[in-house]
Every structure is written in structure tokens, then in C-alpha cells.
Amino acid sequence: MTKMNRALMGATAFCMVAGVASAQQTTLTIATVNNGDMIRMQGMTDSFTEANPDIALEWVTLEENVLRQRVTTDIATNGGQYDVMTIGTYEVPIWGRQGWLTSLNDLPAEWNKDDILPAIAGGLTVDGELYAAPFYGESSMVMYRTDLMEEAGLEMPEAPTWEFIREAAAAMTDEEAEIYGICARGKAGWGENMAFLTAMANSFGARWFDEEWNAQFDQPEWRETLEFYTGMMEESGPPGASNNGFNENLALFQQGKCGMWIDATVAASFVTGADSTVADQVGFALAPDTGLGKRGNWLWAWSLAIPASTDAPEAAKTFVAWATSNEYTELVAEAEGWANVPPGTRTSLYENEEYLSAAPFAEMTLQSIESADPTNPTVDPVPYTGVQFVAIPEFQGIGTAVGQQFSAALAGTTSIDDALATAQQLTTDEMEDAGYN
Amino acid sequence: MARAITPRRKAFNTALAWLIGLAIFFPILWTFLTSFKTEATAIADPPVWFFFDWTTENYSVVQERSGYFRYFWNSVLISVGSTLLGLIIAVPAAWSMAFVPARRTKDILMWMLSTKMLPAVGVLVPIYLIFRDLGILDNVWGLVFVLMMINLPIIVWMLYTYFREIPGEILEAARMDGATLKSEILYVLAPMAVPGIASTVLLNIILAWNEAFWTLNLTAAQSAPLTAFIASYSSPEGLFYAKLSAASTMAIAPILVMGWFSQKQLVRGLTFGAVK
Chain A
0 MTKMNRALMG ATAFCMVAGV ASAQQTTLTI ATVNNGDMIR MQGMTDSFTE
50 ANPDIALEWV TLEENVLRQR VTTDIATNGG QYDVMTIGTY EVPIWGRQGW
100 LTSLNDLPAE WNKDDILPAI AGGLTVDGEL YAAPFYGESS MVMYRTDLME
150 EAGLEMPEAP TWEFIREAAA AMTDEEAEIY GICARGKAGW GENMAFLTAM
200 ANSFGARWFD EEWNAQFDQP EWRETLEFYT GMMEESGPPG ASNNGFNENL
250 ALFQQGKCGM WIDATVAASF VTGADSTVAD QVGFALAPDT GLGKRGNWLW
300 AWSLAIPAST DAPEAAKTFV AWATSNEYTE LVAEAEGWAN VPPGTRTSLY
350 ENEEYLSAAP FAEMTLQSIE SADPTNPTVD PVPYTGVQFV AIPEFQGIGT
400 AVGQQFSAAL AGTTSIDDAL ATAQQLTTDE MEDAGYN
Chain B
0 MARAITPRRK AFNTALAWLI GLAIFFPILW TFLTSFKTEA TAIADPPVWF
50 FFDWTTENYS VVQERSGYFR YFWNSVLISV GSTLLGLIIA VPAAWSMAFV
100 PARRTKDILM WMLSTKMLPA VGVLVPIYLI FRDLGILDNV WGLVFVLMMI
150 NLPIIVWMLY TYFREIPGEI LEAARMDGAT LKSEILYVLA PMAVPGIAST
200 VLLNIILAWN EAFWTLNLTA AQSAPLTAFI ASYSSPEGLF YAKLSAASTM
250 AIAPILVMGW FSQKQLVRGL TFGAVK
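These protein sequence lines map, in sequence, to chains A and B.
Throughout the first sequence, residue numbering follows numbering that gives the first Met the number 0, covering 0 to 436 in sequence.
Throughout the second sequence, residue numbering follows numbering that gives the first Met the number 0, covering 0 to 275 in sequence.
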């Protein structure tokens, strides 16, 4: 056999092997948000593909609102562009009921479903079917400056009331030094100020709808909530608070301009991190209440779900099981330290001494998550699930429209009376149009 | 008689022009400066201007995480491809409207322009379904087609305006000399309309480069252009302003450089026939 023949045969064999290998390899397209934990997951791609050489991963990382629009269009039209989607506790119950998601009840036993925190699992389950695996979970809590609290001669209780927060905020405020006692969301949006205000309203005994889906903004509890919120922010909030969302308040807190900040537990690692000028002077407490049995904290879990339109459900399940497993947590801990593992999803993480010593906010995060109940979020009964949202498709639109009214009330461009009346009217109209009543 | 401009007035006009120019350029300058800051310096209050520890770390992080050139190449293909395809359709259309107008030509032009007034999201689902059924979701050539269709009214309108400035007698003379329609358009009309065609091409490349609705909604992993590249660095929960600025600078740099070098053509084309 000539050298040429041998070379040709070798090349043919190589091409055949390569062809067979590529034919057997499944490529998963994963849509995800640009959050620190998700980017870390993207960085761990090699660990997964080394263990699963028959699966290749393609990442589509987008800003949260762009991603939501993008994946909603795809799943609603059965587009099949994505094999794994990162979605939240708002989408899971709605899409699960629509039959758009693949059930994850049959994930392997070693994935240990029973280890998932009950509050988180409850928000991702519809009629007994788990439709998404939580990647990281969060609630909200009070983050405060221990030094300013001490200077004010006060001591933060582990479970403060709203009255205490208001008094402490006034005592900590020093406008000349540009220190404002309380920072909270004011920017309009269903996931911005309405996440904060809906959770706060729960603790004041308010609710979005009664059991017959009638809007409740004409009830005294909402008025009390809004009067307290705007009053407290006017007394002790930063200027222009009606434009502040998570990022704006994070920047203020990191620069030492907030005495207290009530927001997502995930912020704890930012305010105690390298970019914070007050990292050593931060304490944590549960979100406030008014003694009615509900705290003003929310519950959210960014979760991995598999759309029913995927043509590779088994490979997708393999990936989802890996990315939300204890094994993945240990990989991150090994590569980047225990403080950087995705929090808020598994009971075992909060029994891990290494994690508890690396993350001073761990215990408060767990207590906050456990105190939120998405299936029973309010003092009086409601027909919906969701703590800081109402898990119905119409909520994004209604929530943002109401949020604009409340943001305007905070800015002082409309009165509380007008904001509540408009919120009541537009919510009633939307719900009637949608056929709820 | 021309009015004399006093030195004081001239200085005032110059200062005003610089002020307006700097105000327009300021967001780009600020993005550029922020891209060399750390995340902590990026949010500093009061803001830090020039005196900080300049770092290129954001650029290396962005490149390592996202692979800039894949997005860049998709942007080039989509913007140049859609513009050229649009030109192939628009030149004959504008020729016929400019030189052999019919009774309804003006109405057709207005109708074409009116399609630009339709909110894009209103046709998202039908177009998405068509793309799904044709199997061209997340496909560069699908996007080339969509962006060509979106920008076609502007291309036709611009070319129509330029062609109207060219005396019809010249084309008639070419016909008298035996030029075919193809030769007339290619060898007589096109060379005379070069400034107009050049500015149309440049403007449409810029429009297609910056288009962020269809390019985000019809792409996933394979054909995503630089608009998706930027969108992957914005976050409502986390301060990534320095990295976002680095990604933005990388995304706008090519089109900025192109605009810089071709501004003479652009201005000449856009003001073509404006003073008459």
C-alpha cells in the first residue's frame, strides 16, 4: 500500500470517527441572566462537558428583562430555540399550568429533591409536579450599618417592626453628611418598587385581590402601607428615591450613604464584599413586620427549567441536575470559596459549617427564606400564589402600571388618594377585561 | 450684501458649537472613561474623571467571557448584507419612481414609509412563527432579510430623493445612444448618484448595526450580533457598569470609526439637494 493510500484511508477513518462523534453529541442552548452566580455557572462549563463529553453547551446570557421577553416569545410560540431556560418563581407556576415546561419529578435520586428548601420547592411546584430546579434563592432582609446604629444609641432587634425601622431611620439620618437612614426601592416596575411594596403591604395586612379577584386598593390597609412608606422615605430617604432600584441603592449603601437598606438577601455578599466601603460595618435583620403574622420579605428563586419544546430533554435534565446539585456547589466552593456558592436552595448548605463561617449572612438568609410563604402570602386569604407578585399572566402589566402610580406618589407628583384610586380603577379594568370578574 | 460677523459673535458661535458637540459626545466619552475604571470607581460619588488607576481588566474579562469577534462578525454580516440586498431592490424601485412616475407613485412612497410607523412588537409573534416554520430562527440570513425589509422604505426614499436631482435628459441622451435599461442604471445613473448611494449605504449600515429589537428577539447562540453582546452585560441586580461600558465601547467602536472616516460622504449625501 502506498503512503498516499494509507494517508487517504487514515483521513477517511478520522473523518468517519469525527462525524460519528459529532453526530452523537447533543448541543444544549441555555438562556440565562447576567447575575454573578449565573456567570460563575457559565465559567464551569468545562467541568460539565468533561464529565459529559456527549453534551456541548451554548450560552445565551441576557439582561433580565430582555431575557424574559425573549424566552416568553419562544416558549409561547413553541419556538424550540432553548433547551434550558433560567426563569423565576413568577413564571414557573404560570408556564407549568400551561404545559409549557417539562416535569423534573424524575431527576435522579442522588439529586436529592427532599434537600430543597420547602418554601422554594413550593414556589416551583404545580399540582405536585416540580417544573424547575432552583439554582439560587433569595428573600429580602434589612441590611444596616452597625456603626451608625450604635451612634444613634439604638440596637437592631433580630426581628424589627416597621415602627422601629422608621424611628431608627430618622435617628441615623444626617443630611449634611449625606447619610440617609433608609434606602428602599422607588423606581416603577413590577419587579422594582412593587416587589418591595407588595411584600411590605403583606405585613400591613393588605392584599392585591380578595378571594373573588376584586382589587383591594380601596381598602385601608393599602392606604396605611403607602402613607407609611412615603412618610418614612420623605423623612429619612435619599433625594430622588423614586428613581432608585436595586443598583442605585446598592451604590448608595456601598458608599456609606444608607443607614439601612431593605432589599434582596443576595445583596449581602455585595455590601460585605471588596467593592464596599462599609464592608466591616454591616449587620443583618429580618424584614420588618407590624405584628400581624406576616413579614415584609419576599421570595424569589432563579431556577433552571426545560421547555416542553426542547428536542433534547434527557441531555437537558442531565445538565439541570448537575447545575443545581450539591456536587456543583462543592465545585464552586473549591474554585472560588464557600462565600460564592449559589445560596438559598438547599437545606444541607445551611448545615455546612464551612459555608456558615464563610458567609456571615447565611443564617439570616435562611430565616428570611423560611419565613416567606408563597402559597399563603397574606394575612387574609387570597386566590393567588406569590409573595411579592401575583402569579397570573396579567400581573406584569398591572404591576408596572400600579408601580408607576406609587412611584409618582413617592416623588410627590400625585397624591396618595389619587394614586390608590387610579391603581384600583386600572386593576379592576384589567381584571374585568381578562375575565376574572 | 453679506452681513459682517463680529469677532465676538464668531467666538460665541464657536464656543456654542463646541458646547453642543461636547454635550452630544459626552455619553460616549463617559462610557469610554468608565470602561477603564474598576467597578468601585465606576460608581464613585462624586464621580472620578481622569485621575484614577486606569485598568484594561474589564476588556480582558469581557473578551474572555463572551468572545467578541463572533458577535462582531455577525454584526458585519447582518448590517452590510441587509444594506446591499436592500440596495439591489431599492435602486430599480427608486429609478422607476423618479423617472417614470405613475399616478399613484407618491401614495406608494407614503405607504412604504407608513410601514415604519408600525410598532415592531405588534408583528413579533407572526414573524417569529414564520421564522420558526421556515427554520431560520437564530440564522444570520434570516436577520439579513428582516433588516433589509425594515430599512427598505428608508433606502427607497433616500435614493428617490437623490435620483430626482439628476436631470432626466441625461438618461434620455443615454437611451438615444442605444443604452439598455441595465446600462443606463449601471453606467449613467449610478455614477452620478454615487454621493447619494454612499450616504444611503452608510446610514443603513449604521441603522442595521444599532437595531436592537429584531436582532435580540430572533437570535439565540449562533447569530447573535453586538446588540446581544451588550445586553449580556446589563443587570438589574448587580453593579457591572465598568464591564458594561467596556462591552459598549467594543460594540460601538467599529461603527464610530467608520462614521468618523466617512463623515464627509455622509454630510454631503444627507445635504444633497437641500439648498436649491
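Backbone N, C-alpha and C define an ideal beta-carbon position, used for all residues, glycine too.
Subject >> Continuous beta strand (DSSP E) stretch holding tryptophan 299(A): start and end >> reply: 298 to 304
**OP:** Please state whether DSSP places aspartate 173(A) in a helix, a strand or coil.
**Re:** strand
Original post:
Distance, Cα to Cα, alanine 167(A) vs glycine 230(A)?
Top reply: 14 Å
Subject >> Proximal residues of chain B, C-beta to C-beta of glycine 165(A) below 8 Å >> reply: Correcting the residue type first, residue 165(A) is arginine in the shown sequence and not glycine. Near arginine 165(A) there are no residues of chain B at all, since even the closest Cβ is about 26 Å away, more than 8 Å.
**OP:** Under 6 Å Cβ to Cβ from aspartate 36(A), same chain only, skipping five residues before and after it: list those, please.
**Re:** Tyr135 and Pro341
**OP:** Please report how far the alpha carbon of glycine 66(B) lies from the alpha carbon of asparagine 246(A), in whole angstroms.
**Re:** 26 Å
Original post:
Mind listing which residues of the segment 267 to 283 of chain A have their C-beta closer than 9 Å to chain B's C-betas, in chain order?
Top reply: Phe269, Ala273, Asp274, Ser275 and Thr276
Original post:
Listed from N- to C-terminal order along the chain, which residues in the segment 230 to 244 of chain B have their beta-carbon within a distance smaller than 8 Å of any beta-carbon of chain A?
Top reply: Ala230, Ser231, Tyr232, Ser233, Ser234, Pro235, Glu236, Gly237, Leu238 and Phe239
Original post:
Counting pairs of Cβ atoms below 8 Å between the segment 213 to 227 of chain B and the segment 96 to 105 of chain B, do you hit three or more?
Top reply: no
**OP:** Tell whether a beta-carbon distance below 8 Å holds between tyrosine 130(A) and leucine 100(A).
**Re:** yes
Subject >> Euclidean distance between Cα positions of valine 277(A) and alanine 169(A) >> reply: 20 Å
Subject >> Whether serine 241(A) touches asparagine 296(A) by CB criterion (8 Å) >> reply: no
Original post:
Name the chain B residues that come within less than 8 Å of glutamate 63(A), Cβ to Cβ?
Top reply: Ser234, Pro235 and Glu236
**OP:** Pull up the distance between the alpha-carbon of alanine 20(A) and that of isoleucine 254(B), whole angstroms please.
**Re:** For alanine 20(A), the predicted model reports a pLDDT of 48, less than 50, meaning its position is unreliable and no value from the coordinates is stated.
**OP:** May I ask you to list, following chain order, the residues of the segment 34 to 66 of chain A that have a beta carbon less than 9 Å from some beta carbon of chain B?
**Re:** Asn34, Gly35, Ile38, Gln41, Gly42, Glu57, Trp58, Val59, Thr60, Leu61, Glu62, Glu63, Asn64, Val65 and Leu66
Subject >> beta strand (DSSP E) segment containing tyrosine 143(A), residue limits >> reply: 132 to 144
**OP:** Select from Thr88(A), Ser235(A), Pro219(A) and Thr289(A) the residue whose C-alpha is nearest the C-alpha of methionine 171(A).
**Re:** Ser235(A)
**OP:** Within the same chain, show all residues whose beta-carbon is closer than 8 Å to that of methionine 259(A), passing over the 5 residues directly before and after it, in chain order.
**Re:** Val141, Met142, Tyr143, Arg144, Ile164, Ala167, Ala168, Met171, Gly180, Ile181 and Cys182
**OP:** Let me know if alanine 93(B) comes out buried or exposed under the rule of 16 or more other beta-carbons within 10 Å of its beta-carbon.
**Re:** buried
Original post:
At which residues does the beta strand (DSSP E) containing methionine 439(A) begin and terminate?
Top reply: A query on residue 439(A) cannot be resolved here, the shown segment of chain A reaching from 0 to 436 and no further.
Subject >> Against chain A: residues of the segment 140 to 151 of chain B by CB proximity under 7 Å >> reply: none
Original post:
Under three-state DSSP, which class holds valine 32(A)?
Top reply: strand
**OP:** Could you please give the first and the last residue of the uninterrupted alpha helix (DSSP H) stretch that includes phenylalanine 35(B)?
**Re:** Run containing phenylalanine 35(B): none; DSSP gives neither H nor E here.
Original post:
glutamine 424(A) CB to nearest chain B CB: under 8 Å?
Top reply: no
Original post:
Which full runs of the alpha helix (DSSP H) of 4+ residues lie inside the segment 180 to 235 of chain B, going along the chain?
Top reply: 193 to 209, 213 to 216 and 225 to 230
Original post:
Taking the C-alpha atoms as reference points, what is the distance between tryptophan 213(B) and glycine 255(A)?
Top reply: 41 Å
Subject >> 7 Å Cβ cut-off: residues of chain B touching phenylalanine 245(A) >> reply: Pro235 and Glu236
**OP:** Note down, in chain order, every chain A residue with its Cβ under 9 Å from the Cβ of aspartate 44(B).
**Re:** Glu177, Ala250, Leu251, Gln254 and Lys256
Original post:
Can you check whether the CB of phenylalanine 318(A) is closer than 8 Å to the CB of isoleucine 86(A)?
Top reply: no
Original post:
Taking Cβ to Cβ, would you say valine 143(B) is nearer than 8 Å to serine 81(B)?
Top reply: yes
Subject >> Cβ-Cβ separation, asparagine 436(A) to glutamate 211(A) (assumed contact under 8 Å), whole Å >> reply: 6 Å
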